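Q: The numbering used here numbers the first residue of the sequence shown as 1 and each following residue consecutively.
Note that beta-carbon positions come from the ideal geometry of N, C-alpha and C, so glycine has one too.
This structure is a prediction, so every number in the text was calculated from the model and none was measured.
Attaching a single structure in structure tokens format; questions to follow.
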Amino acid sequence: MMNIRNTIPAAVLMLCMGACANKSNTETAATTPEVPVKPRYELLQQASWLLGSWQSVMPEGTIVEEWKTLNDSVFSARSFFVSGKDTSFGETITLEQKGKELYYIPVVKDQNEGKPVPFRLSSPAGAELAFENPGHDFPQKIVYKKITEDSLLTEVSGNMQGRVHSEKLPMTRR
């Protein structure tokens, strides 16, 4: 059986050790300067203003793009055209950061054999996102430009049948 005289000094010793350990950790935390941590997928995060649902209303119908976060390095979107009660599927889009590069990757069922076509970010991310793929037939450039929190302008451009061609599409948040 343990003697109470031996138990009390052991308990006091344990408390002192615990208090010293906590003091040491507190002092270390207080004296260690905080280093700002850059987000791992900074380029993708700079494009987060795209997230949500966007539309462009025209006499023929409405084009809709719906953007969401797929994971920490990927946003995904689907676009479709609504005319009356009919909805036509357009494309799926992936906006993916791979290393220090940001890619816009559309897939259109009836184009390019249904395979993804990558466009690389060619200008700094921010309020304007310009993606290019000089080897693609059309478009070679895709631009999203933030006008306000609730409006943007998309533009596809490039060489089409030997001529420079451009199409602009204003969109508003739904």
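#1: Quick one: what's got a C-beta closer than 8 Å to M58's C-beta in the same chain, skipping five residues either side?
#2: Report the three-state DSSP secondary structure of S48 (helix, strand or coil).
#3: Can you tell me the Cα-Cα spacing of P153 and E34, whole angstroms?
#4: Helix or strand or just coil, what does DSSP make of N159?
#5: Which residues share a DSSP beta bridge with N71?
#6: What is the DSSP secondary structure of Q140, reduced to helix, strand or coil?
#7: Between the alpha carbons of R78 and L50, how many angstroms are there, rounded?
#8: Please state if the CB of A125 and the CB of Q46 are separated by a distance shorter than 8 Å.
#9: Since G52 and R173 should fall inside the 8 Å C-beta cutoff, what is the C-beta to C-beta distance between them, to a whole number of angstroms?
#10: Specify the secondary structure class of T28 as computed by DSSP and reduced to three states.
#11: In chain order, what residues of the same chain lie with their CB nearer than 6 Å to the CB of F89, ignoring the 5 residues before and after it?
#12: Hey, how far is the Cα of L102 from the Cα of L44?
#13: Thinking just about the alpha-carbon of each residue, which of S73, I93, K100, Q55 is nearest to the one in V82?
#14: Answer with buried or exposed for E65, where buried requires no fewer than 16 other C-beta atoms within 10 angstroms of its C-beta.
#15: Hey, how far is the Cα of D150 from the Cα of N133?
#16: Roughly how many whole angstroms lie between the Cα atoms of G99 and S73?
#17: If the criterion is Cβ atoms closer than 8 Å, does the pair S76 and T94 meet it?
A: Taking the structure as given:
#1: Excluding sequence neighbours, M58 sits near nothing in its chain.
#2: Three-state DSSP puts S48 in a helix.
#3: The residue asked about is misnamed: residue 153 is Leu in this sequence, not Pro. Cα to Cα, L153 sits roughly 40 Å from E34.
#4: In the structure shown, N159 sits in a strand (DSSP, three-state: E or B).
#5: BP columns for N71 point to V74.
#6: Three-state result, Q140: coil.
#7: Pairing R78 with L50, the inter-Cα distance amounts to about 12 Å.
#8: In this structure, A125 lies closer than 8 Å to Q46 by Cβ.
#9: Contact holds; Cβ gap of about 6 Å.
#10: Confidence is the limiting factor: at T28 the pLDDT is only 46, short of 50, which leaves the residue's position unreliable, though a coordinate-based value still follows. If DSSP states are grouped into helix, strand and coil, T28 belongs with the helices.
#11: Contacts found: F80.
#12: The straight-line gap from Cα to Cα measures roughly 7 Å.
#13: Of all alpha-carbon atoms in S73, I93, K100, Q55, the one lying nearest the alpha-carbon of V82 is that of Q55.
#14: Flag for E65 reads buried.
#15: Computed Cα separation, rounded: 28 Å.
#16: If you take the alpha carbons of G99 and S73, they lie about 10 Å apart.
#17: Yes, Cβ-Cβ distance for S76 and T94 is below 8 Å.
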